[in-house]
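Novice: Dropping a structure here in structure tokens format, bear with me for questions.
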Amino acid sequence: FFTQNGNYGTTGGLAPCGVMEGTDLVLEDDGSFEMILSKTKKGKNWLKIEDETGMVMVRQTFLNRFKEVPAEIKIENLDGRKAPSPITPKMINEGLKMASMFVAGAPLLFARWANGFKKHVNELPMFDPETSNKAGGDANIIYYHSYWNLKEDEALVITVNPPECDSWNFQLNNYWMESLDYRYFNICVSKGSATYEADGSIKIIVAHNDPGLPNWINTCNHTEGTMCWRWYRLQKSDQPVQPNCEVMKMDKLKKL
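Here the working numbering is used: position 181 in the sequence shown is 1646, and no number is missing along the way.
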């Protein structure tokens, strides 16, 4: 759980404000919890907000999204107006400005990032943490962003020996850094869903067609796009591990 100052459609970025980990929550006997968002500390679970706070974000990390249950979270206004304020010309003007800035700014941001990732196509270097945090990234996650581009007879083979961490995952995206369709296609793999090698390492195959090997990531008829690897909450004694990438011909995969 975290709050951010600023908002989409405004200038100045998204500066972090308050943060609370799920492991820090004080739970009731039935496993539920109540969290207070306020400027001054209140209650068992408190998340800080300020005058400039414009967003509250909740991230639930799944080891296997098909077997785990999403949290049900309700928001209640404890004080202040119970109904929206009357719409004024000023509100409409500010809302239209924010909408136009978001429509123009979001594509520019992701296009700039995607074009920058083309400097290391089919590789996965570590992404700058400061840049990530300013854009609303999770400070507990070490990100590896890049660009991929594969011919019909090529595959991207990613190998790594995962360090001790709460979770990790790899996902394939389109040019705009939107994940491909995970509802119908296998476009991601995680700590809880991966098939491991005998030595504990991981081998992921990004390819247009099923190579008949574990951890195949489907390109969903895209020939290029962006991709992301995440280490989530590394153990303090461990350092982030660089995933190794190699482009291979499909007919060579049988030797893996």
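Even for Gly, the Cβ is constructed at its ideal location relative to N, Cα and C.
Exposed or buried, what is V1625 when buried is set at 16 or more other beta-carbons lying within 10 Å of its beta-carbon?
Specialist: By the neighbour-count rule (16 or more Cβ atoms within 10 Å), V1625 is buried.
Novice: Grab the span of the beta strand (DSSP E) containing R1648 for me, first residue to last.
Specialist: That residue, R1648, is in no beta strand (DSSP E); it is neither H nor E in DSSP.
Novice: On the criterion of 16 or more Cβ atoms from any shown chain inside 10 Å, does T1684 qualify as buried, or is it exposed?
Specialist: Buried, since its Cβ has 16 or more Cβ neighbours within 10 Å.
Novice: What three-state label does DSSP hand F1635 in the structure shown?
Specialist: If DSSP states are grouped into helix, strand and coil, F1635 belongs with the strands.
Novice: Taking the alpha-carbon positions, what's the C1693 to G1471 distance?
Specialist: Taking the straight line from one Cα to the other gives about 25 Å.
Novice: Cβ of I1606 within 8 Å of Cβ of I1652?
Specialist: Taking 8 Å as the Cβ cut-off, I1606 and I1652 do not qualify as a contacting pair.
Novice: Since G1519 and Q1469 should fall inside the 8 Å C-beta cutoff, what is the C-beta to C-beta distance between them, to a whole number of angstroms?
Specialist: About 7 Å; that satisfies the 8 Å criterion.
Novice: Can you name, in chain order, every residue of its own chain whose Cβ lies under 6 Å from the Cβ of L1645, other than the five neighbours on each side?
Specialist: Counting only Cβ-Cβ distances below 6 Å, and skipping sequence neighbours, we find L1637, I1652, C1685.
Novice: Please tell me whether E1629 and Q1700 are closer than 8 Å, where the distance is taken between their beta carbons.
Specialist: Yes, these two residues count as a Cβ contact at 8 Å.
Novice: Helix, strand or coil for A1620, going by three-state DSSP, please let me know.
Specialist: Strand at A1620.
Novice: In this structure, what does DSSP give as the bridge partners for I1669?
Specialist: DSSP, once it has assigned bridges, lists I1623 as partnering I1669.
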